[in-house]
Each structure stands twice: as structure tokens, then as C-alpha cells.
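Note sheet for the following structure.
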Amino acid sequence: MGALMLLSLSATAVVASEKPCIAVFNYHDFGPQVMSSDLLGMEWFQWEQHGDPRPKDYPVKVVVYAGYSLAEIEGRYPVIPEKEQDHRYVHLADAKTFVDTSLDTLHRMDPTAEQFTELMADLHQLKQTLNTCY
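The sequence shown: position 64 = 55 (the working numbering), numbered continuously.
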């Protein structure tokens, strides 16, 4: 799995019903673009109309959060095109639903298929990491 930062913070703008948690992932920790684009958008920078015609790794980060408002998360992890700093924001509940749905879909297709083995292992690792928030 790519770089990961997991934080459990206390703050004044914490949503009362949720335990505060922030986890930062790489875009590809959620699988290939074809699978995750409905949740995250395209893998290229969000301020661009399309991706580079030459293969390129975009340093897009996914901020999964609970217990904070979206505005606070956007303030802590801003999108800054001049610095190629691109963040996508996903509530923890949505991230968990995405992972569970993706794993279910892959299991129904063929859980033993070689091309899915690594992807499923990565998604199980992501699920385990997300579950540390609660």
C-alpha cells in the first residue's frame, strides 16, 4: 500500500456523533481509476481537463475523514494547483462502503482470478486501515 498517514485528532470543530479521525492515502490505494473514479474523480489533477497523453503518476491524495466538517478538512488539506497539491475528500462511511462494494463485486467476478488477487489484498488492507478509525 502507498504512503499512509493516520491521525486521530481533537479539535473544536469535531462532529459530536463521530470519533475524530483523518487518514491520508494515495489515489491508487483505492484501486485503479476504472474502479474508483466514481468516488474519487479521475486520477489526473482535478484542475486539468484531461490527463497527460504520456503515462504519468499524479501525486493525488485521498483524505478520508470522520468527526470533522468538510470545510475543516478542506482547510487542513487544500487543493493548490501551483504546488500540484491535489486532495480528494471522502467521508469514512463512504470509503468503507466503497471498499465493501468493490470487494463484493470482485468476489462475484472470480475471487481466484490472478489479476484480482493483488487488488483484493490491497482493498482488504485498506479496509483494515479504515477500521482503525472506529
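Every residue gets a Cβ at the ideal spot worked out from N, C-alpha and C, and that includes glycine.
**Asked** By how many angstroms is the C-alpha of V15 removed from the C-alpha of E75?
**Response** Start at 1 with the first residue of the sequence shown, and residue 75 comes out as number 84. Start at 1 with the first residue of the sequence shown, and residue 15 comes out as number 24. So the two alpha carbons sit approximately 16 Å from each other.
**Asked** Which residues share a DSSP beta bridge with N17?
**Response** Taking the first residue of the sequence shown as 1, we reach residue 17 at position 26. N17 is bridged to K52.
**Request:** Flag this pair as yes or no: are the beta carbons of L121 and L83 separated by less than 9 Å?
**Result:** Working through the sequence shown from its first residue, we reach residue 121 at position 130. Working through the sequence shown from its first residue, we reach residue 83 at position 92. The answer is yes: Cβ separation under 9 Å.
**Item:** Residues near Q24 in its chain [Cβ-Cβ closer than 7 Å; skip 5 each side]
**Value:** Here residue 24 corresponds to residue number 33 of the sequence shown, with the count starting at 1. If we look at Q24 and ignore the five residues flanking it on each side, its Cβ neighbours are M33 and E34.
**Prompt:** Expressed to the nearest angstrom, what Euclidean distance is found between the alpha-carbon atoms of L110 and R79?
**Reply:** For the purposes of this step, residue 110 is taken as the residue at position 119 of the sequence shown. For the purposes of this step, residue 79 is taken as the residue at position 88 of the sequence shown. Cα to Cα, L110 sits roughly 21 Å from R79.
**Asked** Got a sec? Which residues, its chain only, sit under 8 Å from V70 by beta carbon, not counting five neighbours each side?
**Response** One-based indexing of the sequence shown puts residue 70 at position 79. Taken in chain order, the residues that qualify are Q37, W38, Q76, D77 and H78.
**Request:** Would you kindly check if the distance between the Cβ of V90 and the Cβ of K118 is under 9 Å?
**Result:** Within the sequence shown, residue 118 is the residue found at index 127, counting from 1. Within the sequence shown, residue 90 is the residue found at index 99, counting from 1. Contact flag set, yes.
**Asked** For A57, which of helix, strand or coil comes out of DSSP?
**Response** Locating residue 57 in the sequence shown gives position 66, where the first residue counts as 1. In this structure, A57 counts as strand in the three-state DSSP scheme.
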